[in-house]
Amino acid sequence: MSEQLRASEMRDLVPQLQAEANVPDTSRPGILRRAASGVVVGIREVAWSVVLVLAALALWELLVRVRHTPAYILPPPSSIASEAFREANGLLLPAAWTTFTEVLGGFVLATVAGVALAIAIASSRLLARALNPLIVASQTIPVIAIAPLFIIWFGFGIKPKIFMAALIAFFPVVINTTAGLNSVEQETYRLLRSLSASGFDIFTKVRVPASLPYFFVGLKQAAVISVIGAIVGEWVGATQGLGPLMISANAAFNTRLVFASVFYLAVMGVLMFLMATIAERVTIPWHFLTRPSRGED
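Final position of the sequence shown in our numbering is 297; the numbers increase by one with none missing.
Structural data, given as structure tokens:
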């Protein structure tokens, strides 16, 4: 009887000790509670973002109409929305699809190249010393200066835009993945070597899982900025896509169409970010289940 009482007291004491040590509750009810809390927090954040955007648009609409600002200088949001829907099928959606294809191609190329470079850098100090300066230098050169060279080398098709998007997007993938691969503590290496673990086992079973949260941080950054690379490539030389559409609309003082194109680009960037976030949730669910929920802070 006394042993049962002690066991019952220990079960009651575990949640208190976990709370004091800030250890997340990994039981099934705890996981469900934390997931529900995360959903509520996410909905609350989205709601506040929507309220803020609507307030900014309302203020924009009011100021433009009160000050009688010409539409070719700054059109009201209602006029931009009308243009975005009116020209959707004829101009904007086909152009947006072309740009999105370039963005997606550059994003995939940046991810593959970035992960390969990160593995090389994390595996060899000699390669790290040789590649790090080149990777940093690639980001110090203005992409607008490189874009004409890509047009000369690869023509006016889709290739130079994909390469431009990849050139901009691969840097955060390389940096974050390398940091993740190098994040394993030396004590862990010593322990695994004492257990006769091979270098391949350490890499695949310890370093790669440890690097995944870092990798997805870089992936989400790359998903957003790849849009910038594609549109820069289109501005320099293209006949299809949102870039040339914006240039022609700007030359015709069609500011509403320019803003509508920017809106489509913003939506494109948000969709790319959401795709990377969903991939993160599916690939490493343990990363979210073993850390304190923001609703519990």
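In this text, a Cβ means the ideal position worked out from N, Cα and C, and glycines have one as well. Bear in mind that the values here come from a model prediction, so they are computed numbers and not experimental data.
(request) Tell me where the alpha helix (DSSP H) around A122 begins and ends. (result) What you label residue 122 is simply residue 122 of the sequence shown in a count that begins at 1. 93–123 is the extent of the alpha helix (DSSP H) around A122.
(request) With S211 as the anchor, note down where its alpha helix (DSSP H) starts and where it stops. (result) Your numbering for residue 211 matches position 211 in the sequence shown. It spans 208–236 - the alpha helix (DSSP H) in which S211 sits, taken as one unbroken run.
(request) Compute the Euclidean distance between the alpha carbons of M164 and S226, then round it to the nearest angstrom. (result) Counting from one through the sequence shown, the residue named residue 164 turns up at place 164. Counting from one through the sequence shown, the residue named residue 226 turns up at place 226. Answer to the nearest angstrom: the Cα atoms are 8 Å apart.
(message) Tell me the residue span of the alpha helix (DSSP H) that contains G180.
(response) The count along the sequence shown starts at 1 and reaches residue 180 at position 180. Where G180 is concerned, the enclosing alpha helix (DSSP H) stretches over 159–181.
(request) Note down, one range per segment and in chain order, each alpha helix (DSSP H) of at least 4 residues found wholly within the region 252–292. (result) Within the region 252–292, the runs of alpha helix (DSSP H) that reach at least 4 residues and sit entirely inside it are, in chain order, 255–283, 285–289.
(message) Is it buried or exposed, A266, if we count other Cβ atoms within 10 angstroms and call 16 or more buried?
(response) Start at 1 with the first residue of the sequence shown, and residue 266 comes out as number 266. Exposed: under 16 other Cβ atoms inside 10 Å.
(request) Apply the 10 Å Cβ neighbour rule to R28 and answer buried if 16 or more other Cβ atoms are within range, or exposed otherwise. (result) The count along the sequence shown starts at 1 and reaches residue 28 at position 28. Confidence is the limiting factor: at R28 the pLDDT is only 49, short of 50, which leaves the residue's position unreliable and the question unanswerable from this model.
(request) Please state whether DSSP places F200 in a helix, a strand or coil. (result) Within the sequence shown, residue 200 is the residue found at index 200, counting from 1. Here F200 sits in helix by DSSP.
(message) Give me, in chain order, the residues of the same chain whose beta-carbon lies closer than 6 Å to that of I284; leave out the 5 immediate sequence neighbours on both sides.
(response) As a position in the sequence shown, residue 284 is number 284, starting the count at 1. Only L212 meet the Cβ criterion.
(request) Note down the Cα distance separating L257 from L126, rounded to an integer number of angstroms. (result) Locating residue 257 in the sequence shown gives position 257, where the first residue counts as 1. Locating residue 126 in the sequence shown gives position 126, where the first residue counts as 1. Going from the Cα of L257 to the Cα of L126 covers about 51 Å.
(request) Could you say if the region 130–148 and the region 194–208 meet the contact criterion of at least three C-beta pairs nearer than 8 Å? (result) no
(message) Looking at P160: is its Cβ nearer than 9 Å to the Cβ of A147?
(response) Looking up residue 160 in the sequence shown gives position 160. Looking up residue 147 in the sequence shown gives position 147. It is a contact, given that the beta carbons lie within the stated cut-off.
(request) Could you tell me the boundaries of the alpha helix (DSSP H) in which F156 lies? (result) Reading the sequence shown from its first residue, position 156 is the one you call residue 156. First-last for F156: undefined, no H or E at that position.
(message) For the structure I just gave you, are there three or more beta carbon pairs, one from the region 94–101 and one from the region 229–240, closer than 8 Å?
(response) yes
(message) Assuming contact is defined by CB atoms lying nearer than 9 Å, are G233 and I151 in contact in what I supplied?
(response) Within the sequence shown, the letter at position 233 stands for residue 233. Within the sequence shown, the letter at position 151 stands for residue 151. A contact, by the Cβ cut-off of 9 Å.
(message) To the nearest angstrom, how far is the alpha carbon of S194 from that of E187?
(response) Within the sequence shown, the letter at position 194 stands for residue 194. Within the sequence shown, the letter at position 187 stands for residue 187. So the two alpha carbons sit approximately 11 Å from each other.
(request) Whole angstroms is fine: what's the gap from W48's alpha carbon to L74's? (result) As a first step, residue 48 must be located in the sequence shown, where it is residue number 48. As a first step, residue 74 must be located in the sequence shown, where it is residue number 74. So the two alpha carbons sit approximately 26 Å from each other.
(request) Have a look at F215 and N176 and give me their C-alpha separation to the nearest angstrom. (result) Here the question's residue 215 lines up with position 215 in the sequence shown. Here the question's residue 176 lines up with position 176 in the sequence shown. Using only the alpha carbons, I get a separation of about 6 Å.
(request) Would you mind giving the Cβ-Cβ distance between A116 and T255, rounded to the nearest angstrom? I have them listed as a contact below 8 Å. (result) Position 116 of the sequence shown, counting from 1, holds the residue named residue 116. Position 255 of the sequence shown, counting from 1, holds the residue named residue 255. That belief does not hold up - the Cβ atoms of A116 and T255 are roughly 43 Å apart, past 8 Å.
(request) Express the C-alpha separation of F273 and V23 in angstroms, rounding to a whole number. (result) Within the sequence shown, the letter at position 23 stands for residue 23. Within the sequence shown, the letter at position 273 stands for residue 273. Note on V23: pLDDT 44, under 50, position unreliable in the model; no value is reported.
(message) Could you compute how far the alpha carbon of R281 sits from the alpha carbon of M275?
(response) Counted from its first residue, the sequence shown places residue 281 at position 281. Counted from its first residue, the sequence shown places residue 275 at position 275. Distance between the alpha carbons of R281 and M275: 10 Å.
(message) Which residue wins for smallest C-alpha separation from A166, given the options S82, H68, T69, L104?
(response) Working through the sequence shown from its first residue, we reach residue 166 at position 166. The residue with the shortest Cα to Cα distance from A166 is L104.
(message) Can you look up Q240 in the DSSP assignment and give me helix, strand or coil?
(response) Working through the sequence shown from its first residue, we reach residue 240 at position 240. In this structure, Q240 counts as coil in the three-state DSSP scheme.
(request) Below 7 Å CB to CB, which residues in the same chain sit around E9 once its five sequence neighbours on both sides are set aside? (result) For the purposes of this step, residue 9 is identified with residue 9 of the sequence shown, where counting begins at 1. Residue placement at E9 is flagged as unreliable, the pLDDT there being 47, under the threshold of 50; the coordinate-derived value follows with that caveat. Hits under 7 Å: none found.
(request) Could you tell me the distance, in whole angstroms, from the CA atom of T111 to the CA atom of V173? (result) Here residue 111 is taken as the residue at index 111 of the sequence shown, counted from 1. Here residue 173 is taken as the residue at index 173 of the sequence shown, counted from 1. Taking the Cα positions, T111 is about 6 Å away from V173.
(message) Please classify T69 as buried or exposed, where buried requires at least 16 other C-beta atoms within 10 Å of its C-beta.
(response) For the purposes of this step, residue 69 is taken as the residue at position 69 of the sequence shown. Counting Cβ neighbours within 10 Å, T69 comes out exposed, since fewer than 16 surround it.
(request) Leaving out five residues on either side along the sequence, give the residues of the same chain with a beta carbon under 6 Å from the beta carbon of V262. (result) Taking the first residue of the sequence shown as 1, we reach residue 262 at position 262. So the list is empty, once near-sequence residues are dropped.
(request) Please name the residue in G155, T178, A122, A58 whose C-alpha comes closest to that of G218. (result) On the sequence shown, position 218 is the one that residue 218 refers to. Checking every option, the nearest Cα to that of G218 belongs to T178.
(message) Do E61 and S82 have their beta-carbon atoms positioned less than 9 Å apart in this structure?
(response) Residue 82 sits at position 82 when you count from the first residue of the sequence shown. Residue 61 sits at position 61 when you count from the first residue of the sequence shown. In this structure, E61 does not lie closer than 9 Å to S82 by Cβ.
(message) For a quick check, are the C-beta atoms of L91 and L192 less than 9 Å apart?
(response) Against the sequence shown, residue 91 aligns to sequence position 91. Against the sequence shown, residue 192 aligns to sequence position 192. Going by C-beta atoms, L91 is not nearer than 9 Å to L192.
(request) Decide if F107 is buried, meaning its Cβ has at least 16 other Cβ atoms within 10 Å, or exposed. (result) Walking along the sequence shown from the start, residue 107 turns up at place 107. Buried, since its Cβ has 16 or more Cβ neighbours within 10 Å.
(message) With H, G and I counted as helix, E and B as strand and the rest as coil, what does DSSP make of V53?
(response) Position 53 of the sequence shown holds residue 53. In the structure shown, V53 sits in a helix (DSSP, three-state: H, G or I).
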